[in-house]
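Engineer:
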Amino acid sequence: MPVEMSFDEKRLVRLARAMRSEEDGKALRKDMLREFRAALNPTRNSVRAAIRAMPTKGHAGMKLRSKVAAKVMVQIRPTGKFPGATLKAKKTPNVRKFRNAPKRLNQKSFQRPMIGNPRQRVRQVGAPGWFDKTVRARRGAHRRAARNVIKAAEKRLKRKV
2 MPVEMSFDEK RLVRLARAMR SEEDGKALRK DMLREFRAAL NPTRNSVRAA IRAMPTKGHA
62 GMKLRSKVAA KVMVQIRPTG KFPGATLKAK KTPNVRKFRN APKRLNQKSF QRPMIGNPRQ
122 RVRQVGAPGW FDKTVRARRG AHRRAARNVI KAAEKRLKRK V
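Printed below as a string of structure tokens:
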């Protein structure tokens, strides 16, 4: 027994054109990533400024604070099990053998091997909250930006249909 379906042919053609113009969503994905990155870049710059402002007694080698600041990155995952945008302070394995510098500097104090004598431990003062407090202060703006990016993508698809 045949089944007849009626549909708006013009609407279907518009939907097909919209899907073709998005090239499997590549252009839309690229724009969404750009907007997410633009929303997180001011926070990344604030976090970098916060670690660079940490007081120090100085060291003859490379600047630890500058290296940690350079490792603060924006990471965006548009798909997968946990999609979203993240601000990360990556590990610093090549800076004076101080692998977890971002994590340790975010604490009140920590112990590390003495430079020149790794068997001896030294207690060092960190800058508690240089990362956490800076990011937490802008959490609401991040959520609003994410909502706006998703709404813009939805409008873009609706506009083409």
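The sequence shown begins at 2 in my numbering and counts up by one. No residue lacks a Cβ here, since even glycine has one placed at the ideal position from N, Cα and C. Since the model is a prediction, treat every value here as computed from it, not as a measurement.
So, with DSSP's three-state summary, where would you put Ala154?
Structural biologist: Three-state DSSP puts Ala154 in a helix.
Engineer: Would you kindly report the start and end of the unbroken alpha helix (DSSP H) that includes Met33?
Structural biologist: Segment Lys27 to Arg53, the alpha helix (DSSP H) holding Met33.
Engineer: Provide the residue span of the beta strand (DSSP E) that contains Pro84, from first to last.
Structural biologist: Unbroken run through Pro84: none, as it is neither H nor E.
Engineer: How many Å lie between Leu29 and Ser47 at the Cα?
Structural biologist: Each residue's alpha carbon lies about 28 Å from the other.
Engineer: For my contact list, Met55 and Arg66 are in at a C-beta cut-off of 8 Å; report their separation, rounded to the angstrom.
Structural biologist: Their Cβ separation, rounded to whole angstroms, is 6 Å, which keeps Met55 and Arg66 in contact under 8 Å.
Engineer: Is it the case that the Cβ atoms of Ile77 and Leu106 are separated by a distance below 8 Å?
Structural biologist: Taking 8 Å as the Cβ cut-off, Ile77 and Leu106 do not qualify as a contacting pair.
Engineer: Do Val69 and Thr93 come within 8 Å of each other at the CB atom, strictly closer than that value?
Structural biologist: For Thr93 and Val69, yes; Cβs fall inside 8 Å.
Engineer: Looking only at DSSP bridge pairs, what is Ser110 linked to?
Structural biologist: In the DSSP output, where bridge partners are listed per residue, Ser110 has Val126.
Engineer: By how many angstroms is the C-alpha of Arg124 removed from the C-alpha of Lys31?
Structural biologist: Going from the Cα of Lys31 to the Cα of Arg124 covers about 46 Å.
Engineer: Quick check: the Cα distance between Val73 and Ala50, rounded to an integer number of angstroms?
Structural biologist: Going by the C-alpha atoms only, they are around 11 Å apart.
Engineer: Quick one: grab the DSSP three-state call for Val69.
Structural biologist: Three-state DSSP puts Val69 in a helix.
Engineer: Measuring straight from C-alpha to C-alpha, what distance separates Ala138 and Val150?
Structural biologist: Looking at the two C-alpha atoms, the distance is approximately 20 Å.
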